[in-house]
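Chains as they are written, first to last, in my numbering: chain X, 0 to 348; chain D, 0 to 348; chain B, 0 to 348. We put the beta carbon where it would ideally sit given N, CA and C, even for glycine. What follows is one structure encoded as structure tokens, with my remarks underneath.
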Amino acid sequence: MQQPAKVISFTLAEIAAQLGGDVLGDGDIRIFQVSTLAAAGEGEIAFLANRKYRGQLQTTRAAAVLLSPADAAGYAGACIVTANPYAYYARVASLLNPVQAGFCGVHPGATVDSVVPDSVAIGPQVCIGRNVELGDSVVIHAGCVIGDGVRIGAGSMLYPNVTVYHGCELGERVIIHSGAVIGADGFGFAPEGKSWVKIPQIGIVRIGNDVEIGANTTIDRGALEDTLIGDGCKIDNLVQIAHNCRIGPNSVLAGCVGIAGSVTMGEHCVVGGAGMVTGHLSLAEGTTISAGSLVMKSINEPGQRYTGVFPLDTHDDWVHNAAHIRRLGKLADRVSELEKKLKEIEIRD
Amino acid sequence: MQQPAKVISFTLAEIAAQLGGDVLGDGDIRIFQVSTLAAAGEGEIAFLANRKYRGQLQTTRAAAVLLSPADAAGYAGACIVTANPYAYYARVASLLNPVQAGFCGVHPGATVDSVVPDSVAIGPQVCIGRNVELGDSVVIHAGCVIGDGVRIGAGSMLYPNVTVYHGCELGERVIIHSGAVIGADGFGFAPEGKSWVKIPQIGIVRIGNDVEIGANTTIDRGALEDTLIGDGCKIDNLVQIAHNCRIGPNSVLAGCVGIAGSVTMGEHCVVGGAGMVTGHLSLAEGTTISAGSLVMKSINEPGQRYTGVFPLDTHDDWVHNAAHIRRLGKLADRVSELEKKLKEIEIRD
Amino acid sequence: MQQPAKVISFTLAEIAAQLGGDVLGDGDIRIFQVSTLAAAGEGEIAFLANRKYRGQLQTTRAAAVLLSPADAAGYAGACIVTANPYAYYARVASLLNPVQAGFCGVHPGATVDSVVPDSVAIGPQVCIGRNVELGDSVVIHAGCVIGDGVRIGAGSMLYPNVTVYHGCELGERVIIHSGAVIGADGFGFAPEGKSWVKIPQIGIVRIGNDVEIGANTTIDRGALEDTLIGDGCKIDNLVQIAHNCRIGPNSVLAGCVGIAGSVTMGEHCVVGGAGMVTGHLSLAEGTTISAGSLVMKSINEPGQRYTGVFPLDTHDDWVHNAAHIRRLGKLADRVSELEKKLKEIEIRD
């Protein structure tokens, strides 16, 4: 896999020429790496994205800082001014730490039964089936297995030991981490007495452009129609997405999330770690589900945040109730006390 | 892996000859694929299994429909009448979409240290250890690793990158999806001061006939005795089954379920997605655990459904209480109001 | 993988010579295997670690038993007396069931781009990148992929189909089970409008000595700093550890646990199955989190046990409240009754 990158550096002026923004101070300062305000040293560029850390601007030893216009106003050191310092930091980090295949062409230890472009890099022990279509510069690391008829768009990278079942389609610039399984059979069985008859899963998985999928995540193929992952979705490790789901573009699913079958999520939804959504529900555009929450009914109002387990509730209502759950014992004591006093009053009367 | 199937078709009469049922209407209608009542078109057969969709019978453009005797009575189009249309649909779908290895024999890129039947299909980069016994027509896809002494029954299929540890036994017609790990060490350590001494796991995993196991699921070998998965069990993706569990025949475990060590489940239990069962518990035959629930005590009464987290409860009691949890804040307000009024009465008195 | 062990046996005297403890009774009794008091037969040694099973000492057919001094006092049969019979049992089990690679040297079907010691065992289809450093007697089973620059300490064993990304470091005697992924990119994206900019993950994963990691577990590399797993940690299957976590030495994470990014856990913490810890929290030394619990705030007091979901609470307080949650419906009925009676009193007044 990936070889440790050679030392790469750019001056502030070179960075701004590529990524935009205004350099204040010495544009010839040479940057070798990114860091935080607290940890940065010589040759390192830091960023201020959260005003909570503003005090660190006084003490940082960073060679330069990425700042919003408001924060740059009071800063005497070298900086690049940009509307979104955090996204800019992400791009500088990519410039300084490019992802490289570390090899090119088709390794002689790979088994490739399709015609592939010269620009691809296919590692040892990779198996590529028949009628597979790879875009330019696709990188497939060691041990991956790509089923018959799979299509993978240009610039995509599959880390070692990924499996893509037959017929599935991946967009451009898709990143899939090790152990992920795309297109295994959905979980469909018809009951017959006490046993179960397997329902063939004849849909596929279609993944859009610029999607990233974490290690050991599983996305099942559709039963009749396809499972769809929209452009720009970011999916963490050990996530399960069942058959026929439609995940809206730019949605984010954190680690250990489970999405049951036939769930439809609108654009730009976010599900926190270990959040679960039960089958056949819809989540409106921009819905946020807090970590550890269980969604058991559709959410129709867009842009809301939900939290909780048995039952789920709006986050604010949940916070209000949760405090009472912790005090339930005391509440019960108060009710007992009330009953006692009432009885005294009634006897007295 | 699997090549896209060639076009396969059968007439209604041919289907009924193979699967039973009565054809009403033109038995020569040719069927190429299955679909839903809403989506089916020319050459497609649909089914009605849920009376909720009965109205779609009026408008469906399906070439034929699978119907129960009651529903067939009022239907004018071509149909096959069967007691269980959903199971029949599953079988028609299998006829029209047969699973094919896409290759046969032992791929020269496999490493096979055992004698295997001529009827097996073993893909590239597969590793098979010593003293492995494979039944007829076993299919092992690329990248699987089969440990020494493993036995796999006839007609079983392992998708790419499955690992089966030494000594484990799989029945006939078992399906294991990519990335699943069968027989890794159970999680057993003896405390000694603040550190932990590993306890060797000398049992195996025994899997019955007709079991299906999902992608990236893990089933651990036993500590002293074996971990047992009964005939006909269906296990979804990313499920964890710890050492010494005994899962009863025809049980169903949905995605992301976790079963801790030494759990015994009776026949035909169902655990919904992300359900968890803590260690050393028993679940009676026919127990259903709702999605997201946490089971912390044994369930002795057969055939009941349980729901909840901290604590678990019968489903009906949980539904009753859950409504109150949502209104806990208001309940507390009412108690405060009562206390205030009582104080007024007491002062007045 | 591992070949079934040849029959190994030791006399009680030989065992005590290797592991310590005092033999009472015939030291020439030959032991072939470990078992439980209830199941042990000829040639098998059992143990009593939980006084609950003390009655079984009367009826056991074990050839010998491992006993604490207190329990040995009243036992007439052959035994080895030791302060910690359970840990002693673990060690006897390891003597009788040694883990063997089943092969040695570098398999010709492996792709190895680094210089490795003669003492290592590297299976078929293994891929080892450039500048990899392996300690003595490292065993890497079939299908593993080891990235450039990885270091693995002496005596470590990787089961089949493990992936270790470039640059990561593993200590000595580390065991990693199949399908585990060490060092995939942490989940880091900067928002920009509705889309997300990938933040390169330039840290690594550093794993201490004597760590065991379960099947299909994922441990992400750090964003800027490293992800750290302390010496002696034991991590079960399907666990997710996000970027920048620091897991204290000798901590135990059971199956399906999820630890979000930048969590710091002190020494000897225990998280029960499916427990979840949200991001940027600290857990004090010796903290125990019950199975299925969700931790949403830092825990500063060392050595406490916490249980619950929305919200988490000390275990004792949770048990007290949980009983009330089950009776919430009745509590609400009592409040209604109070309100009714108060109204009667007020009308009467």
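Next item on the list: Compile a chain-ordered list of the residues in the segment 193-222 of chain B whose CB is closer than 8 Å to at least one CB of chain D.
Entry: Asp209, Glu211, Gly213, Ala214 and Asn215
Notebook entry, point to check: Is it the case that the Cβ atoms of X:Ile121 and X:Ile175 are separated by a distance below 8 Å?
Noted result: The count along the first sequence starts at 1 and reaches residue 121 of chain X at position 122. The count along the first sequence starts at 1 and reaches residue 175 of chain X at position 176. No. Outside cutoff.
Note to self: Taking its Cβ as the centre, do 16 or more other Cβ atoms sit within 10 Å of D:Asp184, making it buried, or is it exposed?
What the structure shows: Taking the first residue of the second sequence as position 1, residue 184 of chain D is located at position 185. Under this definition D:Asp184 is a buried residue.
Check: Any residues in the segment 239-262 of chain D with a beta carbon nearer than 7 Å to a beta carbon of chain B? Which ones, in chain order?
Finding: Gln239, Ala241, Gly257 and Ala259
Next item on the list: Identify whether D:Ala34 lies in helix, strand or coil by the three-state DSSP scheme.
Entry: Start at 1 with the first residue of the second sequence, and residue 34 of chain D comes out as number 35. The amino acid occupying residue 34 of chain D in the given sequence is Ser; Ala does not appear at that position. D:Ser34 falls in the coil class under three-state DSSP.
Next item on the list: Could you check which residue in B:Ser177, B:Glu336 and B:Pro310 has the C-alpha nearest to that of D:His375?
Entry: In this structure chain D extends from 0 to 348, so residue 375 of chain D is not present and cannot be described.
Margin query: I'd like to know whether the C-beta atoms of X:Val149 and X:Val131 end up nearer to each other than 8 Å.
Written below: Within the first sequence, numbered from 1, the residue matching residue 149 of chain X stands at position 150. Within the first sequence, numbered from 1, the residue matching residue 131 of chain X stands at position 132. Going by C-beta atoms, X:Val149 is nearer than 8 Å to X:Val131.
Checklist line | Buried/exposed call for D:Val6, threshold 16 Cβ in 10 Å | finding: One-based indexing of the second sequence puts residue 6 of chain D at position 7. Exposed is the call here.
Notebook entry, point to check: For D:Gly354 versus D:Tyr87, is the C-beta spacing smaller than 8 Å?
Noted result: Because chain D in this structure spans residues 0 to 348, residue 354 of chain D falls outside the shown range and cannot be described.
Next item on the list: Rank B:Ala37, B:Ala273 and B:Cys143 by C-alpha distance to the C-alpha of B:Met156 and give the top, closest one.
Entry: As a first step, residue 156 of chain B is located in the third sequence; it is residue number 157 there, counting from the start. Minimum Cα distance to B:Met156 is reached at B:Cys143.
Next item on the list: Please name the residue in D:Glu266, D:Gly278 and D:Leu311 whose C-alpha comes closest to that of D:Ile288.
Entry: Along the second sequence, one-based indexing puts residue 288 of chain D at 289. That would be D:Leu311, whose Cα lies nearest to the Cα of D:Ile288.
Next item on the list: Spell out the partners DSSP gives B:Ala189 in its beta bridges.
Entry: For the purposes of this step, residue 189 of chain B is identified with residue 190 of the third sequence, where counting begins at 1. DSSP output for B:Ala189 lists B:Val196 as bridge partner(s).
Next item on the list: Flag this pair as yes or no: are the beta carbons of X:His323 and D:Gly328 separated by less than 8 Å?
Entry: What you label residue 323 of chain X is simply residue 324 of the first sequence in a count that begins at 1. What you label residue 328 of chain D is simply residue 329 of the second sequence in a count that begins at 1. Cβ distance < 8 Å, so X:His323 and D:Gly328 count as in contact.
Next item on the list: Below 8 Å CB to CB, which residues in the same chain sit around B:Gly221 once its five sequence neighbours on both sides are set aside?
Entry: Sequence index remark: in the third sequence, residue 221 of chain B carries index 222 (1-based). Once the five neighbours on either side are set aside, the close Cβ partners of B:Gly221 are Gly185, Gln200, Ile201, Gly202, Ile203, Val204, His242 and Asn243.
Note to self: Within 8 Å of any Cβ in chain D, is that where the Cβ of B:Asp70 sits?
What the structure shows: Residue numbering aside, residue 70 of chain B sits at position 71 when the third sequence is read from its first letter. With 8 Å as the cut-off, B:Asp70 does not count as an interface residue toward chain D.
Checklist line | Simplified DSSP state of B:Val98, which is helix, strand or coil | finding: The residue labelled residue 98 of chain B in the question sits at position 99 within the third sequence. In this structure, B:Val98 counts as coil in the three-state DSSP scheme.
Checklist line | Chain-order list of residues whose beta-carbon lies under 7 Å from that of D:Thr216 (same chain, five-residue window excluded) | finding: Reading the second sequence from its first residue, position 217 is the one you call residue 216 of chain D. Closer than 7 Å at Cβ, skipping near neighbours: Ala179, Ile234, Asn236, Leu237 and Val238.
Notebook entry, point to check: Closest Cβ-Cβ distance between D:His323 and chain B: below 8 Å?
Noted result: Start at 1 with the first residue of the second sequence, and residue 323 of chain D comes out as number 324. It does: the Cβ of D:His323 has a partner Cβ on chain B nearer than 8 Å.
Check: Taking Cβ-Cβ distances shorter than 7 Å, what residues in chain D pair up with B:Val349?
Finding: Past the boundaries of the shown model lies residue 349 of chain B; chain B is included only from 0 to 348, so the question cannot be answered.
Checklist line | Any C-beta of chain D under 8 Å from that of X:Gln319 | finding: The residue given as residue 319 of chain X occupies position 320 in the first sequence. The question names Gln, yet the displayed sequence has His at residue 319 of chain X. X:His319 counts as touching chain D.
Margin query: DSSP has B:Ala45 in a bridge; who is on the other side?
Written below: Locating residue 45 of chain B in the third sequence gives position 46, where the first residue counts as 1. Partner(s): B:Val64.
Notebook entry, point to check: Does DSSP classify B:Tyr158 as helix, strand or coil?
Noted result: To locate residue 158 of chain B, count along the third sequence from 1; it is residue 159. B:Tyr158 falls in the coil class under three-state DSSP.
Check: Would B:Thr368 be called buried (16 or more neighbouring beta carbons within 10 Å of its own) or exposed?
Finding: Shown here, chain B extends from 0 to 348; a query on residue 368 of chain B therefore has no answer.
Margin query: I'd like to know whether the C-beta of D:Ile344 is nearer than 8 Å to at least one C-beta of chain X.
Written below: For the purposes of this step, residue 344 of chain D is taken as residue 345 along the second sequence, with counting starting at 1. For D:Ile344, the answer is yes, since a Cβ of chain X falls inside 8 Å of its Cβ.
Next item on the list: Compute the Euclidean distance between the alpha carbons of X:Gly278 and X:Val262, then round it to the nearest angstrom.
Entry: The residue labelled residue 278 of chain X in the question sits at position 279 within the first sequence. The residue labelled residue 262 of chain X in the question sits at position 263 within the first sequence. For X:Gly278 and X:Val262, the distance between alpha carbons rounds to 6 Å.
Check: Is X:Phe247 near X:Cys268, with beta carbons less than 8 Å apart?
Finding: Within the first sequence, residue 247 of chain X is the residue found at index 248, counting from 1. Within the first sequence, residue 268 of chain X is the residue found at index 269, counting from 1. The displayed chain sequence assigns Gly, not Phe, to residue 247 of chain X. Yes; because the gap between Cβ atoms is below 8 Å, this pair is in contact.
Item checked: Boundaries (first-last residue) of the alpha helix (DSSP H) holding B:Val22 -> Position 23 of the third sequence, counted from the first residue, corresponds to residue 22 of chain B. That residue, B:Val22, is in no alpha helix (DSSP H); its beta strand (DSSP E) goes Asp21 to Leu23.
Item checked: Reduced DSSP category for B:Arg29 - H, G, I as helix; E, B as strand; rest coil -> Translated into the one-based positions of the third sequence, residue 29 of chain B becomes position 30. Strand, per DSSP.
Check: What does DSSP give as the partner residues of D:Thr313 in its beta bridges?
Finding: Residue numbering aside, residue 313 of chain D sits at position 314 when the second sequence is read from its first letter. The partner list for D:Thr313 (beta bridge, DSSP) reads D:Tyr305.
Note to self: Just to make sure I have the definition right: I need the residues of chain X whose C-beta is within less than 8 Å of the C-beta of D:Gln17. Which are they?
What the structure shows: For the purposes of this step, residue 17 of chain D is identified with residue 18 of the second sequence, where counting begins at 1. Those do not exist, as D:Gln17 stays about 14 Å from chain X at its closest Cβ, beyond 8 Å.
Notebook entry, point to check: Does DSSP put D:Ile121 in a helix, a strand or coil?
Noted result: Here residue 121 of chain D refers to the residue found at position 122 of the second sequence. Correct three-state label for D:Ile121: strand.
Check: Taking Cβ-Cβ distances shorter than 8 Å, what residues in chain X pair up with D:Arg304?
Finding: As a position in the second sequence, residue 304 of chain D is number 305, starting the count at 1. Within chain X, no residue comes near D:Arg304; the closest Cβ sits about 14 Å away, beyond 8 Å.
Notebook entry, point to check: Among D:Gly265, D:Ser118 and D:Cys126, which has the Cα closest to the Cα of D:Leu366?
Noted result: Summary: the structure shown does not reach residue 366 of chain D, with chain D confined to residues 0 through 348, and so no result is reported for it.
Item checked: Classification of D:Val114 by the beta-carbon crowding that lies within 10 angstroms, buried from 16 upward -> Here residue 114 of chain D refers to the residue found at position 115 when the second sequence is read from its first residue. Classification of D:Val114: exposed, given that the 10 Å Cβ count is below 16.
Notebook entry, point to check: Taking Cβ-Cβ distances shorter than 7 Å, what residues in chain X pair up with D:Glu132?
Noted result: In the second sequence, the residue the question calls residue 132 of chain D occupies position 133. Correct list: empty, because the minimum Cβ distance to chain X is about 25 Å.
Notebook entry, point to check: Does any C-beta atom of chain D lie closer than 8 Å to the C-beta of B:Gln1?
Noted result: Indexing the third sequence from 1 puts residue 1 of chain B at position 2. Confidence at B:Gln1 is low in this model, with a pLDDT of 48, below 50, so the placement of that residue should be treated as unreliable; the coordinate-derived value is given next. Answer yes: the Cβ-Cβ gap between B:Gln1 and chain D drops below 8 Å somewhere.
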